Amino acid sequence: MTDDYSGGYRGSNRGRGGYGGPPRERRGIPLSDLDPALTDTSRKVIGSAIEVHKALGPGFDESVYANALKRELEVNGVTFVADHKIPVKFRDQAVGQSVADLFVGDKFLVEVMARPGEVTGYDRAAVRAQLKAANLDLALIINFAERRLKDGLVRVLNIEKINADRGVAPGEGDYDDHAEGGHQGAEGQHHEFDQH
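Under the working numbering, the residue at position 140 of the sequence shown is numbered 142, and the numbers go up by one with no gaps.
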C-alpha cells in the first residue's frame with residue numbers, strides 16, 4: 003500500500019464503510035486495550051492463516067481454506083469449535099441462530115472467506131451481529147482470495163461491549179473496525195497489516 007492517497011482509496015469504498023459517501027476518519031482500539039490472552043490467540047490464528055495462504059495461495063473454494071486453517075490451528079495447539087451455533091434472542095426469547103465458521107479458544111469468532119474483492123460493510127455488519135449475539139469482544143474476517151493475505155484480514159470489534167467493560171459512556175469512544183495491524187505471524191515474523 004502506498005501513502006499517496008488523500009481521504010480514501012482510489013476507485014473503492016474503503017474508508018467509507020463499504021457503502022460510499024464521504025471518507026471518514028478511522029480510529030482503532032489499541033490491541034493493548036483488549037485482553038492479552040485474546041490478542042495472543044488472535045496472533046496465532048493470523049500466523050496460521052498466513053501459513054495456509056503461503057502454501058495454497060488464492061483461488062480455491064472457501065471450504066478448502068477453512069479445512070486447511072483448522073488443520074493448521076490444530077498443529078499450533080489452538081482450540082476451536084467449527085460451525086459454532088450462536089443463539090439469537092429478541093426480548094429475551096430465542097428467535098433463531100447464527101453460525102460462526104470458528105469459535106476460537108472460547109474467546110473470539112473467525113469468519114473465513116474466499117471471495118474476490120475487499121471485505122464489505124455488510125460482511126462486517128454480519129460478523130458484528132454475531133459478536134453481539136455471542137457477547138464477545140472480537141472477530142476476525144479472513145479473506146483468502148486476496149493476493150496478499152494482509153489485504154483480506156479485518157478485525158471486527160463489539161464496540162458497545164468493549165466500551166461498557168471500560169466504563170465508557172455509549173457514543174463516547176466509538177471506533178471503526180480495521181485491518182489487523184502489527185501482529186507477530188508465523189515463526190515470530192512481524193507483519194504489518196494495512197489500516198483501512
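Where a beta carbon is used, it is the ideal one built from N, C-alpha and C, also for glycine. On a predicted model such as this, the values are computed, not experimentally measured, just so you know.
Have a look at residue i and residue j and give me their C-alpha separation to the nearest angstrom.
i: ASP5; j: ILE88; result: With a pLDDT of only 31 at ASP5, under 50, the local geometry of the prediction cannot be trusted, and the value read off the model is given with reservation. If I take the Cα positions, the gap works out to 40 angstroms.
i: VAL170; j: PRO38; result: 20 angstroms
i: GLU27; j: LEU40; result: Its pLDDT being 47, under 50, GLU27 is placed unreliably in this model, and the value from its coordinates should be taken loosely. Roughly 26 angstroms between the two C-alpha positions.
i: ARG161; j: ARG126; result: A small correction: the amino acid at residue 161 is Ile; Arg does not occupy that position in the sequence shown. Cα to Cα, the separation comes out at about 13 angstroms.
i: GLY22; j: LEU36; result: With a pLDDT of 47 at GLY22, under the threshold of 50, the modelled position of this residue cannot be trusted; read the value that follows with caution. Going from the Cα of GLY22 to the Cα of LEU36 covers about 30 angstroms.
i: LEU133; j: LEU71; result: 21 angstroms
i: ILE143; j: PHE62; result: 17 angstroms
i: SER100; j: GLU148; result: 26 angstroms
i: ASN58; j: LEU75; result: Rather than Asn, the amino acid found at residue 58 in this sequence is Leu. When rounded, the distance between both Cα atoms is 16 angstroms.
Do you know whose CA, among the options, lies nearest residue i's CA?
i: ASP108; options: THR81, GLY154, VAL121; result: THR81
i: ALA51; options: ASN160, PHE146, VAL170; result: PHE146
i: ASN137; options: LEU58, VAL90, GLU120; result: VAL90
i: GLY119; options: ASP85, VAL47, LYS152, ASN165; result: LYS152
i: GLU64; options: ARG130, LEU133, ARG117; result: ARG117
i: ALA84; options: GLU113, TYR124, VAL77; result: GLU113
i: ILE164; options: LEU140, GLN95, ASN78, ALA131; result: LEU140
i: GLN95; options: LYS56, ILE31, ALA135; result: ALA135
i: ASN78; options: VAL156, LYS46, ARG93; result: LYS46
i: THR122; options: VAL54, ARG157, ALA102, HIS86; result: ARG157
i: LYS56; options: PHE92, ARG150, ALA166; result: ARG150
Along the beta strand (DSSP E) that carries residue i, what are the first and last residues, could you check?
i: ARG157; result: 155-159
i: ILE88; result: 82-92
First and last residue of the alpha helix (DSSP H) that includes residue i?
i: ASN123; result: Reading the sequence as shown, one finds Gly at residue 123 and not Asn. Start and end: 123-136.
i: ASN69; result: 64-77
i: ILE52; result: 38-58
Exposed or buried, what is residue i when buried is set at 16 or more other beta-carbons lying within 10 Å of its beta-carbon?
i: GLY98; result: exposed
i: SER44; result: buried
i: TYR67; result: buried
i: GLY154; result: buried
i: PRO24; result: The pLDDT assigned to PRO24 is 46, lower than 50, so where the model puts this residue is not dependable; a value taken from the coordinates is nonetheless given after this. Exposed, by the Cβ-count rule.
i: GLY49; result: buried
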